[in-house]
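> If you read the protein sequences in the order shown, they are chains A and B. Counting from 1, position 318 in the first sequence corresponds to residue 343 in the numbering used here; the numbering is continuous, with no gaps. Counting from 1, position 133 in the second sequence corresponds to residue 195 in the numbering used here; the numbering is continuous, with no gaps. Glycine included, C-beta positions come from ideal geometry on N, C-alpha and C. All values reported here derive from a predicted model rather than from experimental measurement. I'd like to ask some things about the structure below.
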Amino acid sequence: MTNDSAVLSIDFLAGFTIFIIAFVWVISLIPGLLIGLQAHTIDYDAVAYRTGVILVEDPGEIAIIEQNIPVPWESFTNNNSVARFGLAVSKDTPNILSEEKVNQFFCTTVFYPIDYKNKTIFGNYHFNISFHDADRNVDRSIGDVLPEGYGYIRRLVKIKGASNATINAINYKNNDQNVTSHTFSILINTPRLYTDVTDPSYQIDPVKDQIMINITNLTSTKSNLTANVNLTNISVMSGNQYDFYGDDGFIPYPSSITLDFQNSSLPHNVTEDISIKFSPKLFQGLYYGIYDPALYQPIFVNLTFDLDGNSTFLNNTWSSPFDYNYDPANVTQPQLRDAVVEVAIW
Amino acid sequence: MVIGDGGQLYTIEGFAAALIMIITAFLVVNATSVYTAGDTHINDMQLEALGSDALKMMDVASNRTDEKTPLQDIIENLDTANRTKFQTMFLNYTNASGSGPRHDIQFNASYTCRNVTVNINSTAPFAIIHSRNLTGSEHTVRATKWVIVDKAVCDSNVKQNRAVLVEVLLWRD
Numbered sequence: 026m027t028n029d030s031a032v033l034s035i036d037f038l039a040g041f042t043i044f045i046i047a048f049v050w051v052i053s054l055i056p057g058l059l060i061g062l063q064a065h066t067i068d069y070d071a072v073a074y075r076t077g078v079i080l081v082e083d084p085g086e087i088a089i090i091e092q093n094i095p096v097p098w099e100s101f102t103n104n105n106s107v108a109r110f111g112l113a114v115s116k117d118t119p120n121i122l123s124e125e126k127v128n129q130f131f132c133t134t135v136f137y138p139i140d141y142k143n144k145t146i147f148g149n150y151h152f153n154i155s156f157h158d159a160d161r162n163v164d165r166s167i168g169d170v171l172p173e174g175y176g177y178i179r180r181l182v183k184i185k186g187a188s189n190a191t192i193n194a195i196n197y198k199n200n201d202q203n204v205t206s207h208t209f210s211i212l213i214n215t216p217r218l219y220t221d222v223t224d225p226s227y228q229i230d231p232v233k234d235q236i237m238i239n240i241t242n243l244t245s246t247k248s249n250l251t252a253n254v255n256l257t258n259i260s261v262m263s264g265n266q267y268d269f270y271g272d273d274g275f276i277p278y279p280s281s282i283t284l285d286f287q288n289s290s291l292p293h294n295v296t297e298d299i300s301i302k303f304s305p306k307l308f309q310g311l312y313y314g315i316y317d318p319a320l321y322q323p324i325f326v327n328l329t330f331d332l333d334g335n336s337t338f339l340n341n342t343w344s345s346p347f348d349y350n351y352d353p354a355n356v357t358q359p360q361l362r363d364a365v366v367e368v369a370i371w
Numbered sequence: 063m064v065i066g067d068g069g070q071l072y073t074i075e076g077f078a079a080a081l082i083m084i085i086t087a088f089l090v091v092n093a094t095s096v097y098t099a100g101d102t103h104i105n106d107m108q109l110e111a112l113g114s115d116a117l118k119m120m121d122v123a124s125n126r127t128d129e130k131t132p133l134q135d136i137i138e139n140l141d142t143a144n145r146t147k148f149q150t151m152f153l154n155y156t157n158a159s160g161s162g163p164r165h166d167i168q169f170n171a172s173y174t175c176r177n178v179t180v181n182i183n184s185t186a187p188f189a190i191i192h193s194r195n196l197t198g199s200e201h202t203v204r205a206t207k208w209v210i211v212d213k214a215v216c217d218s219n220v221k222q223n224r225a226v227l228v229e230v231l232l233w234r235d
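Structure below.
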């Protein structure tokens with residue numbers, strides 16, 4: 026063979042083929058390089074973490090339009106009044122959650138998924154927020170069913186329980202009062218409750234936490250056992266006076282008082298025991314327009330019982346009112362229970 | 063039989079070009095491992111938040127009338143029963159059931175305090191308890207909590223309120 030021009034072309038072809046194969050291989054590596062930069066799961070975890078921090082370390086905030094009313098967000102039943110959800114008792118007590126806030130937060134009849142996205146997650150993600158009360162073994166959750174992969178954070182918290190007083194009626198029987206109408210007074214001394222205990226984790230705060238009064242053993246106070254007893258009036262006073270279901274029938278906040286665990290109306294028939302729950306909304310209404318808690322006045326609650334025949338009954342008119350205070354002999358103090366908040370975002 | 067040798071050059075160039083590209087790709091692939099480490103930070107962050115929360119919750123009294131928090135009580139009376147109590151409480155908090163991923167967590171707890179008798183800024187660690195020995199191969203994160211204890215600690219013979227740093231190394235099994 027004297028002419029070698031064709032041989033050159035075949036060698037060129039071989040070299041070029043090797044180049045192309047290597048080139049294609051390198052190009053095919055490029056998507057693999059970017060996998061490390063894919064940030065979806067990282068984003069989700071970060072959003073879950075942020076949501077967890079907002080929920081357990083922040084007391085939440087009301088919307089600007091409502092800021093002329095100094096009440097916490099959980100008192101509003103209108104979702105536009107809330108700027109940010111937060112479950113902490115106060116900003117100084119991270120990881121200590123308020124029971125009122127938790128109850129309201131998981132109330133899906135008031136808030137919609139869009140509210141949770143706009144006011145606690147701050148992004149349009151799917152979510153599942155769950156709350157496990159370890160001591161009572163109660164689970165609550167909102168959001169969608171968990172998929173395979175999601176961003177996640179778990180926060181360990183304490184939930185501040187409500188205080189309550191159990192009053193044995195026999196200690197308040199007045200033998201001199203053989204009449205048809207009896208009054209029992211309860212003093213909730215808000216300024217003293219605020220100064221005696223300053224740590225919000227353990228404070229009895231009628232404006233933020235529910236207060237419950239159980240009166241037991243009522244029959245033992247009656248001299249006339251056949252007399253039928255009705256609770257006819259509950260009056261709450263502190264500068265302003267609210268008479269509940271009284272003659273004027275004025276009810277400032279519906280369901281702010283719960284009798285025997287239901288929204289029953291007055292007169293309410295009373296036999297052996299009675300339980301009365303006061304919602305914080307009631308006392309917020311009582312202190313309406315007072316912006317400085319240092320100016321709050323003590324609260325007097327008068328329960329009026331009417332009997333259909335003369336008898337002795339629960340009556341402390343001639344002695345001092347029952348003091349709802351920090352004495353464990355009078356009042357079961359607020360307790361902190363273990364709980365877990367979990368946030369999943371995807 | 064090949065008379066001309068001009069073609070040899072093309073093949074070698076092809077090989078050289080391929081080699082350069084492969085070396086470049088190899089270097090680039092190696093360099094990206096820096097970015098993928100971001101995922102581990104998230105796991106560490108979750109574990110650290112959990113450990114910090116657990117210590118924080120152990121240092122909260124359930125009742126106002128409780129004189130000491132459980133954690134204060136454990137450090138002040140560090141006997142076998144209280145060491146076990148620390149382990150039970152800590153694992154109970156960190157492994158508490160939930161809908162999320164399983165939390166098979168191990169830990170090693172100790173506390174440190176400043177030596178005041180020699181008045182130098184040295185600390186001595188005191189072991190509390192560990193759920194498993196550290197072999198050195200675990201990927202641990204650290205959670206700490208300052209606790210005020212009424213105890214003679216770190217060579218001091220005087221029982222007084224002292225701040226000690228409780229330190230827990232925790233890792234997933």
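Distance cutoff 8 angstroms, beta carbons only. Does D285(A) sit that close to anything in chain B?
In the first sequence, the residue the question calls residue 285(A) occupies position 260. By this cut-off, D285(A) is not an interface position.
> Between V228(B) and A171(B), which are expected to be in contact by the criterion C-beta below 8 angstroms, what is the C-beta distance as a whole number of angstroms?
Along the second sequence, read from residue 1 onward, the residue named residue 228(B) stands at position 166. Along the second sequence, read from residue 1 onward, the residue named residue 171(B) stands at position 109. The Cβ separation is near 7 angstroms, so the contact holds.
> Work out the CA separation of N350(A) and E82(A) for me, nearest whole Å.
Locating residue 82(A) in the first sequence gives position 57, where the first residue counts as 1. Locating residue 350(A) in the first sequence gives position 325, where the first residue counts as 1. Between E82(A) and N350(A), the C-alpha separation is close to 28 angstroms.
> Would a C-beta distance cut-off of 8 angstroms place S248(A) and I195(A) closer than the cut-off?
Walking along the first sequence from the start, residue 248(A) turns up at place 223. Walking along the first sequence from the start, residue 195(A) turns up at place 170. The answer is no: Cβ separation not under 8 angstroms.
> Let me confirm a value: S199(B) is counted as buried when at least 16 other C-beta atoms fall within 10 Å, else exposed. Which label applies?
The sequence position of residue 199(B) within the second sequence is 137, counting from 1. Flag for S199(B) reads exposed.
> Is there a C-beta anywhere in chain B that falls below 8 angstroms from the one on A252(A)?
Along the first sequence, one-based indexing puts residue 252(A) at 227. Not closer than 8 angstroms to any Cβ of chain B, the Cβ of A252(A) fails to qualify, so no.
> Does L80(A) come within less than 8 angstroms of chain B when only Cβ atoms are used?
Locating residue 80(A) in the first sequence gives position 55, counting from the first residue. Taking Cβ atoms only, chain B never reaches closer than 8 angstroms to L80(A), which makes this a no.
> Cα separation between P277(A) and D333(A)?
In the first sequence, the residue the question calls residue 277(A) occupies position 252. In the first sequence, the residue the question calls residue 333(A) occupies position 308. Note on P277(A): pLDDT 49, under 50, position unreliable in the model; the coordinate value appears next. Rounded to whole angstroms, P277(A) to D333(A) spans 29 angstroms at the Cα level.
> Any idea which residues DSSP pairs T133(A) with across the strands?
If you number the first sequence from 1, residue 133(A) lands on position 108. BP columns for T133(A) are empty, so no partner.
> State yes or no: is the beta carbon of D57(B) nearer than 8 angstroms to at least one beta carbon in chain A?
Missing from the structure shown is residue 57(B); chain B here goes from 63 to 235 and no further.
> Hey, does D273(A) have any beta-carbon neighbour from chain B nearer than 8 angstroms?
As a first step, residue 273(A) must be located in the first sequence, where it is residue number 248. For D273(A), the predicted structure reports a pLDDT of 45, less than 50, and the residue's modelled location is therefore unreliable. The matter cannot be settled from this model.
> By a C-beta neighbour count over all protein chains shown, 10 Å radius and 16 as the cutoff for buried, is N162(A) buried or exposed?
Here residue 162(A) corresponds to residue number 137 of the first sequence, with the count starting at 1. Under this definition N162(A) is an exposed residue.
> Do three or more CB pairs link the stretch 344 to 361 of chain A to the stretch 129 to 144 of chain A at distances below 8 angstroms?
No, the stretch 344 to 361 of chain A does not touch the stretch 129 to 144 of chain A.
> When we look at the beta-carbon of G274(A) and count the other beta-carbons within 10 Å, is it buried (16 or more) or exposed?
The residue you call residue 274(A) lines up with position 249 of the first sequence. Note that G274(A) has pLDDT 43, beneath the 50 cutoff, so the model's placement of it is unreliable and no number is given.
> At the level of alpha carbons, what is the spacing between S304(A) and M262(A)?
The sequence position of residue 304(A) within the first sequence is 279, counting from 1. The sequence position of residue 262(A) within the first sequence is 237, counting from 1. Using only the alpha carbons, I get a separation of about 15 angstroms.
> Quick one: what does DSSP say G274(A) is sitting in, helix, strand or coil?
Counted from its first residue, the first sequence places residue 274(A) at position 249. Annotation note: pLDDT 43 at G274(A) (below 50); position unreliable, no value reported.
> Looking at A369(A) and L171(A), is the spacing between their C-beta atoms short of 8 angstroms?
By 1-based counting over the first sequence, the position of residue 171(A) is 146. By 1-based counting over the first sequence, the position of residue 369(A) is 344. Taking 8 angstroms as the Cβ cut-off, L171(A) and A369(A) qualify as a contacting pair.
> Tell me where the beta strand (DSSP E) around L212(A) begins and ends.
In the first sequence, residue 212(A) corresponds to position 187, counting from 1. That run of the beta strand (DSSP E) goes 204 to 213.
> Does T206(B) get closer than 8 angstroms to chain A when you measure Cβ to Cβ?
Mapped onto the second sequence, residue 206(B) falls at position 144. So no, T206(B) is outside the interface.
> Applying the criterion that 16 or more other CB atoms from any shown protein chain within 10 Å of the CB defines a buried residue, is H103(B) buried or exposed?
For the purposes of this step, residue 103(B) is identified with residue 41 of the second sequence, where counting begins at 1. Classification of H103(B): exposed, given that the 10 Å Cβ count is below 16.
> For the beta strand (DSSP E) holding I167(A), just list the boundary residues, first then last.
On the first sequence, residue 167(A) is found 142 positions in, with the first residue counted as 1. 163 to 168 is the span of the beta strand (DSSP E), which, as asked, contains I167(A).
> Here's a check: name, in chain order, each residue in its chain whose Cβ is nearer than 6 angstroms to the Cβ of D164(A), leaving out the five neighbours to either side.
Looking up residue 164(A) in the first sequence gives position 139. If we look at D164(A) and ignore the five residues flanking it on each side, its Cβ neighbours are H157.
> Beta strand (DSSP E) containing L227(B): first to last residue?
By 1-based counting over the second sequence, the position of residue 227(B) is 165. Taken as a continuous stretch (DSSP letters only), the beta strand (DSSP E) holding L227(B) covers 222 to 234.
> Taking the C-alpha atoms as reference points, what is the distance between S115(A) and S336(A)?
Counted from its first residue, the first sequence places residue 115(A) at position 90. Counted from its first residue, the first sequence places residue 336(A) at position 311. Whole-angstrom Cα-Cα distance: 48 angstroms.
> Which residue's Cα is closest to the Cα of T220(A): S300(A), S260(A), P323(A), S53(A)?
Here residue 220(A) corresponds to residue number 195 of the first sequence, with the count starting at 1. Selected option, being the one with the closest Cα: P323(A).
> Compare the C-beta of N120(A) with all C-beta atoms of chain B and state if any pair is closer than 8 angstroms.
Taking the first residue of the first sequence as 1, we reach residue 120(A) at position 95. Closer than 8 angstroms: yes.
> Could you have a look at A244(B) and say whether DSSP puts it in helix, strand or coil?
It is not possible to answer for residue 244(B), since the shown part of chain B is limited to 63 through 235.
> Of the choices R75(A), I35(A), P346(A), L307(A), whose alpha-carbon is the least far from that of K233(A)?
What you label residue 233(A) is simply residue 208 of the first sequence in a count that begins at 1. Of R75(A), I35(A), P346(A), L307(A), the residue nearest in Cα terms is L307(A).
> Can you tell me whether K183(A) is helix, strand or coil according to DSSP?
As a first step, residue 183(A) is located in the first sequence; it is residue number 158 there, counting from the start. Reduced to three states, the DSSP call for K183(A) is strand.
> Going along chain A in order, which residues have a C-beta closer than 7 angstroms to the C-beta of K130(B)?
For the purposes of this step, residue 130(B) is taken as the residue at position 68 of the second sequence. Simply none; closest approach about 14 angstroms.
> Could you check which residue in I259(A), I315(A), K302(A), H207(A) has the C-alpha nearest to that of N327(A)?
The sequence position of residue 327(A) within the first sequence is 302, counting from 1. Out of I259(A), I315(A), K302(A), H207(A), I259(A) has the C-alpha closest to the C-alpha of N327(A).
> Q108(B) by DSSP, collapsed to three states: which one?
Within the second sequence, numbered from 1, the residue matching residue 108(B) stands at position 46. In the structure shown, Q108(B) sits in a helix (DSSP, three-state: H, G or I).
> Is the CB of K147(B) under 8 angstroms away from at least one CB in chain A?
Along the second sequence, one-based indexing puts residue 147(B) at 85. No - not a single Cβ of chain A is within 8 angstroms of the one on K147(B).
> Between E173(A) and the rest of its own chain, which residues show a CB-CB distance below 6 angstroms, the 5 nearest in sequence each way excluded?
Taking the first sequence and counting its residues from 1, the one referred to as residue 173(A) is at position 148. Around E173(A): no qualifying Cβ.
> For the stretch 114 to 126 of chain B and the stretch 174 to 185 of chain A, state whether three or more C-beta atom pairs, one from each stretch, are separated by less than 8 angstroms.
Verdict: yes, contact present.
> Just the C-alpha distance for N145(B) and I191(B), rounded to the nearest angstrom, thanks.
Indexing the second sequence from 1 puts residue 145(B) at position 83. Indexing the second sequence from 1 puts residue 191(B) at position 129. Just to set this straight, residue 145(B) is Arg in the shown sequence, not Asn. For R145(B) and I191(B), the distance between alpha carbons rounds to 6 angstroms.
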